[in-house]
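A short write-up of the structure that comes next.
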Amino acid sequence: MTTLLQAIAESYPSQTSPSSSSNETETHAPHPIDLPHTSRLYKTLLQGGHFNHTSKTIESSPAWDAGVFAVRFVGVVGAGGDEGEGEQIKAMCCKGERNGTFLVAELCAALIKAMGSEENSDTNVSVHEARQKLKSWLYTSPVQKEIEEGEAKGKKVLLENIGKL
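This is how it looks when you write it as structure tokens:
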């Protein structure tokens, strides 16, 4: 799980730097979240299964715990590296192309669903702590305003789910 999450824990959006040979900027490869198939993969992992378009339900996988993955997501991607704690997650829905908006909305939903669904009190403590961290990063006036003013698809779902944290 950690390896999967480290792949998206790099700076979002991908950085550009001045090219050494000219006055132009050199663009790096897109961030994995900006690649549709990658973004869908992480969303599926946070949902706990594949979304069936016919029945309009999620076909849950009994061998996968989306709550544990969501807690790890907050811990690994939220660690932030040089940017600071929570900055990567905020950037996914407030900077660049904001392609992480649906993903962060699903992260909120996974933590909401996981709270209380586990009988193991250690898991509930981890979920509670992850929810509190995520809420402290996203439920602030500047972040909420930036999400509201942005053009990202899914911003209404994200704002609703942040409110439920």
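For the sequence shown, the residue numbers in UniProt numbering are 1 to 165.
Note that beta-carbon positions come from the ideal geometry of N, C-alpha and C, so glycine has one too.
**OP:** Grab me the residues of Lys135's own chain with a C-beta within less than 6 Å of its C-beta, minus the 5 sequence neighbours each way, in chain order.
**Re:** Cβ neighbours of Lys135 within its own chain (closer than 6 Å, five residues either side excluded): Leu165.
**OP:** Measure how close the beta-carbons of Gly96 and Pro13 come, nearest whole angstrom, since I'm counting them as under 8 Å.
**Re:** Right, their Cβ atoms sit about 3 Å apart.
Subject >> Under 8 Å between C-beta atoms of Arg98 and Ala152 >> reply: Yes, the Cβ-Cβ distance between Arg98 and Ala152 is below 8 Å.
Original post:
Considering only C-alpha positions, which residue in the set Val157, Glu146, Ala114, Glu149 is nearest to Phe69?
Top reply: Put simply, of Val157, Glu146, Ala114, Glu149 the residue whose alpha carbon is nearest the alpha carbon of Phe69 is Ala114.
Original post:
Run through DSSP, which three-state label would Thr54 get?
Top reply: Coil at Thr54, not helix or strand.
**OP:** Can you tell me the Cβ-Cβ gap for Lys43 and Leu138, rounded? I've got them flagged as a contact below 8 Å.
**Re:** Separation of the CB atoms of Lys43 and Leu138 is rounded to 17 Å, and the pair is thereby denied contact status at 8 Å.
**OP:** Pick out whichever of Ser11, Val76, Thr54, Cys108 has its Cα sitting closest to the Cα of Leu46.
**Re:** Closest in C-alpha terms to Leu46, from the list Ser11, Val76, Thr54, Cys108, comes Cys108.
Subject >> Buried versus exposed call for Ile8 [16 or more other C-beta atoms within 10 Å across all chains shown] >> reply: Burial call: buried.
**OP:** With DSSP collapsed to three states, give me the class of Asn106.
**Re:** Position check: residue 106 holds Glu in this sequence, whereas Asn was assumed. In the structure shown, the three-state DSSP call for Glu106 is helix.
Original post:
Roughly how many angstroms lie between the CA atoms of Phe51 and Leu159, to the nearest whole one?
Top reply: Using only the alpha carbons, I get a separation of about 22 Å.
Subject >> Member of Gln144, Gln6, Leu35, Thr57 whose CA lies at the smallest distance from the CA of Lys90 >> reply: Ranking Gln144, Gln6, Leu35, Thr57 by Cα distance to Lys90 puts Gln144 first.
**OP:** Rounded to whole angstroms, what's the CA-CA distance from Ser55 to Gly49? Just pull it up for me.
**Re:** Distance from the CA of Ser55 to the CA of Gly49, rounded to the nearest whole angstrom, comes to 14 Å.
**OP:** Using only alpha-carbon positions, find the residue among Leu111, Trp64, Glu87 that is nearest to Gly163.
**Re:** Comparing C-alpha distances from Gly163 to each of Leu111, Trp64, Glu87 shows the shortest one belongs to Leu111.
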